[in-house]
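Quick note on this note's numbering: the sequence shown kicks off at 3 and runs consecutively.
A quick write-up on the structure given underneath.
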Amino acid sequence: MKRFRCLGFNQNFRLLLKSSLLLIGGLTGPAEALTAHPTMPLDRAQQGMVTSAHPLATQVGLKILQQGGNAVDAAVATTLAISVVEPFSAGIGGGGFLLFHHAETGTMRSLDFRERAPLRATRDMYLDATGKVMPRASVDGYQAVGVPGTVAGLAAIHQRYGKLAWARLVAPSVQLAQQGFPVSARYQQALQWRSKGIKPGSEAAKIFLPRGHTPRIGDRIIQLDLAKTLAAVGQDPQNFYQGAIAQAIVRDMVANQGLISLADLRQYQPIWREPVCGEFHQHRVCSMPPPSSGGVHLLQMLHLIQAKDLKRWGWNHPNTLHRMIESMRIAYADRATHLGDPDFVKVPVTSLISPKYGDQRRSEIHPRRAKLSTQVKAATPAVLKQIQSESPETSHLTVVDQARNAVSLTFTVNLSFGAGVVAKGTGIVLNNEMDDFAVAPNTPNYFGLTGSQANAIAPRKTPLSSMTPTIITQDGQVRLAVGAPGGSTIITTVLQVILNTLVHDMDIKRAVAAPRLHHQWLPDQTRFDRWGFDPMTLAALERRGHQIKVRGPWGNANGIQLLPDGTLLGAADPRGEGIAAGY
3 MKRFRCLGFN QNFRLLLKSS LLLIGGLTGP AEALTAHPTM PLDRAQQGMV TSAHPLATQV
63 GLKILQQGGN AVDAAVATTL AISVVEPFSA GIGGGGFLLF HHAETGTMRS LDFRERAPLR
123 ATRDMYLDAT GKVMPRASVD GYQAVGVPGT VAGLAAIHQR YGKLAWARLV APSVQLAQQG
183 FPVSARYQQA LQWRSKGIKP GSEAAKIFLP RGHTPRIGDR IIQLDLAKTL AAVGQDPQNF
243 YQGAIAQAIV RDMVANQGLI SLADLRQYQP IWREPVCGEF HQHRVCSMPP PSSGGVHLLQ
303 MLHLIQAKDL KRWGWNHPNT LHRMIESMRI AYADRATHLG DPDFVKVPVT SLISPKYGDQ
363 RRSEIHPRRA KLSTQVKAAT PAVLKQIQSE SPETSHLTVV DQARNAVSLT FTVNLSFGAG
423 VVAKGTGIVL NNEMDDFAVA PNTPNYFGLT GSQANAIAPR KTPLSSMTPT IITQDGQVRL
483 AVGAPGGSTI ITTVLQVILN TLVHDMDIKR AVAAPRLHHQ WLPDQTRFDR WGFDPMTLAA
543 LERRGHQIKV RGPWGNANGI QLLPDGTLLG AADPRGEGIA AGY
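Here is the structure:
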């Protein structure tokens with residue numbers, strides 16, 4: 003069927019896969035087969051597995067596992083490689099969240115290395131003299147940049163749980179930046195979309211728009227300044243925050259009216275936080291806590307949906323889709339009001355993820371009629387207090403190693419190529435994460451998400467995110483690690499992959515490839531994947547009052563599943579160009 007066309011290999015994928023064989027072979031010695039057992043499928047293995055959004059990055063992580071590294075080592079190396087080959091989606095000029103399952107102790111840890119507002123940031127910094135939001139002020143240019151956290155986060159997780167030497171993990175990304183990588187269709191499309199926001203003659207234009215034009219598919223992107231920066235990071239990650247790299251970033255900020263200072267960089271520290279966890283369908287689901295909204299609303303929607311009903315109806319039945327949409331509507335209404343940085347505001351996490359609260363809000367869902375989003379309100383503080391007293395362009399990667407340690411990591415520079423700027427002399431694409439704050443009450447950000455005082459701008463505050471790296475266990479054993487990019491659609495994408503595997507009995511490959519829907523309260527419409535929902539089903543939902551918007555596929559999820567026989571099965575979203583590779 004047409005909707006499964008993406009499961010095959012396209013021409014661009016073959017080009018990238020061939021390049022990955024040659025280049026990764028060059029990084030580690032003579033060109034070798036992709037796995038230790040060439041006849042074994044890439045996405046099925048016994049020892050370890052890596053999935054990411056780009057073949058070259060996956061290969062880097064796989065090599066680290068094969069060389070004796072653990073899941074943390076492979077995740078660090080894969081993340082840094084993505085920073086080179088996916089400058090449009092994520093990099094060392096951004097930040098993210100990581101979830102780690104430590105097999106030996108059975109513990110789950112979460113690390114917040116999200117970007118933070120500079121010390122000079124103010125609540126009304128994107129408003130003009132009349133109090134109106136200045137168009138694109140929080141999206142384009144140096145004042146849109148938050149203090150980057152990726153390098154600090156990777157160093158922190160490696161220091162605590164890594165096995166191989168730090169420099170060894172950074173080396174592949176240095177060589178990727180020096181030797182270059184081939185332009186893919188996805189890279190070209192991202193650059194074409196963002197090119198108007200990249201100033202001619204700027205550092206970003208010199209690297210990504212050579213001779214003023216978008217490069218052709220197959221052209222090689224070489225980033226020598228980034229290679230030098232990564233080499234310095236390989237010597238000492240603190241060079242990013244206190245050494246020559248930090249000084250270069252600040253010089254460029256001063257020259258371009260940016261806000262980040264040396265004090266911002268020196269004070270940056272990643273934060274270990276307690277994961278949010280809950281029970282669902284005989285499994286334990288753990289994900290990121292605030293300042294990510296992902297874990298809270300993932301668990302909230304799982305409780306709202308009720309697995310036994312979905313199991314009875316089937317994954318594509320109008321009743322199933324209706325329940326999912328109405329659950330999303332409620333969760334995103336709560337997100338707009340209650341979620342923010344827990345170091346600045348009180349977030350009612352316990353209440354929002356309570357099964358009792360799910361039961362209560364589910365009673366508001368009419369079985370045959372959609373509610374208008376204007377009729378769906380966030381829970382009042384009184385309701386949440388009563389419940390408590392009784393009881394988020396981005397990139398994602400997953401790794402599971404031989405010991406069954408697992409990492410689920412999502413990181414970003416926000417929009418494609420971040421703020422559209424590169425810090426002079428460093429090769430670092432800088433994020434535009436300040437747009438994830440509520441720049442004004444009830445004013446939607448780029449992704450259409452609204453926010454309240456809880457997510458207002460403040461110095462050193464972390465903007466609210468939708469990133470949802472998730473790990474699912476059963477009897478203390480990892481069963482599934484999953485995550486996705488996609489802005490406001492991240493939470494609903496991860497939700498549907500989990501429902502597809504745990505409720506609808508799909509393996510991870512089918513679960514990731516399946517068509518998706520998305521509702522986020524405002525705007526009041528449901529997006530449906532063009533490839534996979536038949537017209538009769540959509541018509542049935544329209545008769546219930548749902549506003550339908552059919553569009554092309556979105557998201558680029560990936561995950562790893564532990565099968566009952568102990569085999570690891572990996573899946574990279576066929577909507578993207580990534581691969582799963584194991585040994």
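Glycine residues also receive a C-beta, built at the ideal position from the N, C-alpha and C atoms.
Cβ-Cβ distance between residue i and residue j below 8 Å
i, j, result
"Val52", "Leu64", "yes"
"Ala408", "Ile492", "no"
"Thr464", "Arg111", "no"
"Leu113", "Ser289", "no"
"Asp575", "Gly557", "yes"
"Leu261", "Gln145", "yes"
"Gln49", "Gln404", "yes"
"Pro487", "Thr396", "yes"
"Phe99", "Ser294", "yes"
"Ala442", "Leu129", "yes"
"His104", "Tyr163", "yes"
"Ile332", "Val385", "no"
"Ala312", "Arg364", "Per the sequence shown, residue 312 should be read as Leu rather than Ala. Result no, Cβ atoms of Leu312 and Arg364 do not sit closer than 8 Å."
"Leu411", "Ala77", "yes"
"Gly199", "Asp142", "yes"
"Leu67", "Tyr585", "yes"
"Leu300", "Thr470", "yes"
Cβ neighbours of residue i in the same chain (closer than 6 Å, five flanking residues each side left out)
i, result
"Met508", "Asn502"
"Leu29", "Note that Leu29 has pLDDT 43, beneath the 50 cutoff, so the model's placement of it is unreliable and the number below is only indicative. These residues qualify, in order along the chain: Pro174, Gln177."
"Gly297", "Val278, Ser289, Met290, Pro291"
"Leu304", "Phe282"
"Ser391", "Only weak support exists for where Ser391 lies, its pLDDT of 40 falling under 50; the coordinates are left without a value."
"Gln522", "Tyr334, Ser490"
"Asp343", "Pro293, Lys463, Thr464"
"Glu328", "Ile367"
"Gln161", "none"
"Asn416", "Asn433, Asn434, Glu435"
Buried or exposed by the 16-neighbour rule on C-beta atoms within 10 Å, applied to residue i
i, result
"Leu171", "buried"
"Val87", "buried"
"Pro383", "exposed"
"Gln498", "buried"
"Ser2", "The structure shown does not extend to residue 2, since the chain is modelled only from 3 to 585, so the question has no answer here."
"Pro272", "buried"
"Val147", "buried"
"Val287", "buried"
"Val402", "buried"
"Thr569", "exposed"
"Arg314", "exposed"
"Ala583", "buried"
"Asp361", "exposed"
"Ser468", "buried"
"Val423", "buried"
"Ala131", "exposed"
"Pro566", "exposed"
"Arg532", "exposed"
"Val1", "The chain is shown only over 3 to 585; residue 1 falls outside these bounds and no answer can be derived."
"Gly280", "buried"
Of the listed residues the options, nearest to residue i (C-alpha basis)
i, options, result
"Val278", "Trp168, Gln302, Gly260", "Gln302"
"Val235", "Tyr585, Arg529, Ala79", "Ala79"
"Ala440", "Ile66, Ala542, Arg125, Thr231", "Arg125"
"Leu82", "Leu58, Ser329, Phe535", "Leu58"
"Pro89", "Leu228, Pro344, Asp130", "Leu228"
"Ala179", "Asp526, Thr231, Met326", "Thr231"
"Pro202", "Arg213, His104, Trp195, Phe413", "Arg213"
"Leu267", "Ser54, Gln69, Tyr243", "Tyr243"
"Ala421", "Ser410, Asp438, Thr109, His398", "Asp438"
"Glu205", "Gln479, Gly450, Gly427", "Gly427"
"Gln455", "His285, Phe346, Ala207", "Phe346"
Spatial neighbours of residue i in its chain, beta-carbon cut-off 8 Å, leaving aside the 5 residues before and after
i, result
"Val185", "Pro217, Arg218, Ile219, Gly220, Asp221, Arg222, Ile223"
"Ile510", "Leu482, Val484, Val499, Thr503, Gly561, Ile562, Gln563, Leu571, Gly572, Ala573"
Distance between beta carbons of residue j and residue i, contact taken as under 8 Å
i, j, result
"Thr452", "Leu504", "Not confirmed; about 31 Å, so no contact."
"Pro137", "Gly95", "In fact, because the Cβ distance is near 23 Å, the residues do not count as touching under 8 Å."
"His56", "Gly580", "6 Å"
"Asp413", "Ala92", "In the sequence as displayed, the identity of residue 413 is Phe instead of Asp. Right, their Cβ atoms sit about 5 Å apart."
Cβ neighbours of residue i in the same chain (closer than 7 Å, five flanking residues each side left out)
i, result
"Ala380", "Ala335, Asp336, Ala338, Thr339, His340"
"Ser197", "Leu211, Thr216"
"His546", "Note that residue 546 is Arg in the sequence shown, not His. So the list reads His324, Arg370, Arg371, Ala372, once near-sequence residues are dropped."
Residue i beta carbon near the ligand PLP (any heavy atom closer than 7 Å)
i, result
"Gly572", "The ligand content of the structure shown is nil, which means the ligand PLP is not present either."
Short CB-CB distance (under 8 Å) between residue i and chain D
i, result
"Ala458", "Reference to chain D is not applicable here, since this structure consists of a single protein chain."
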